[in-house]
Amino acid sequence: MITFRSDVLVFLLMAAATNTFATDFPKGPPNLKEAEAQGLQRANLEELKKFFPGIINNKGVKGVEHTLTFKPDGTAHRTGFNDLTGEWHFDEKKNAYCVGFYKKKGYRENCFAVFRATDGTNFFDYDIDSGFYAHVWHRGE
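The numbering used here applies: residue 896 is where the sequence shown begins, and numbers increase by one.
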């Protein structure tokens, strides 16, 4: 009986910890034009430089969460979903950050316009080329 009670207690503590650390990511408007129409503010490069280099927690359009680490030397690492290594940089002309990863089909780079979510914590990424919503993210640890 003691084993059962301790197992239940451990389970309840694990469930509470999972809920405590679970991330609630808001969903962004479907495209860049809609983000602008809703009055979301686009982050400029000076604001982005507060987060890059650094670690961000990210959730993509398919609902998969992962961590991105942007290092000062221009390298980038994605962990938590198809761990990848690549590169990142700012594109001043596009007022965006760009990240490229080495995948099976070769190197692919995407640049993102970033808009602040209304919650003041999260940011929405929009692919510069397509204009579509790509990710939501916030500063990681």
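All C-beta atoms, glycine included, are put in the ideal place defined by N, C-alpha and C.
Given that a residue counts as buried once 16 or more other Cβ atoms are within 10 Å of its Cβ, and exposed if not, what is residue i?
| i | result |
| --- | --- |
| residue 932 | exposed |
| residue 981 | buried |
| residue 1027 | exposed |
| residue 975 | exposed |
| residue 916 | Bear in mind that the predicted position of residue 916 carries a pLDDT of just 40, short of 50, making it too unreliable to give a figure here. |
Determine the extent of the alpha helix (DSSP H) in which residue i is found, giving its start and end residues.
| i | result |
| --- | --- |
| residue 945 | Looking at the DSSP string, residue 945 is not in any alpha helix (DSSP H), and its letter there is neither H nor E. |
When DSSP labels each residue in this structure, what does residue i get in the three-state scheme?
| i | result |
| --- | --- |
| residue 1012 | coil |
| residue 935 | coil |
| residue 929 | helix |
Output the boundary residues of the beta strand (DSSP E) element that contains residue i.
| i | result |
| --- | --- |
| residue 982 | 979-986 |
| residue 995 | 991-998 |
| residue 956 | Careful: residue 956 lies outside any beta strand (DSSP E) and carries neither H nor E. |
| residue 1019 | 1018-1022 |
How big is the Cα-Cα spacing for residue i and residue j?
| i | j | result |
| --- | --- | --- |
| residue 1021 | residue 968 | 24 Å |
| residue 952 | residue 965 | 11 Å |
| residue 938 | residue 999 | 32 Å |
| residue 1016 | residue 963 | 17 Å |
| residue 1018 | residue 936 | 10 Å |
| residue 927 | residue 1023 | 9 Å |
| residue 898 | residue 921 | Residue confidence is low: residue 898 scores 48 on pLDDT, short of 50, so the model does not pin down where it sits. Its coordinate-derived value is still stated next. When rounded, the distance between both Cα atoms is 40 Å. |
| residue 1003 | residue 973 | 14 Å |
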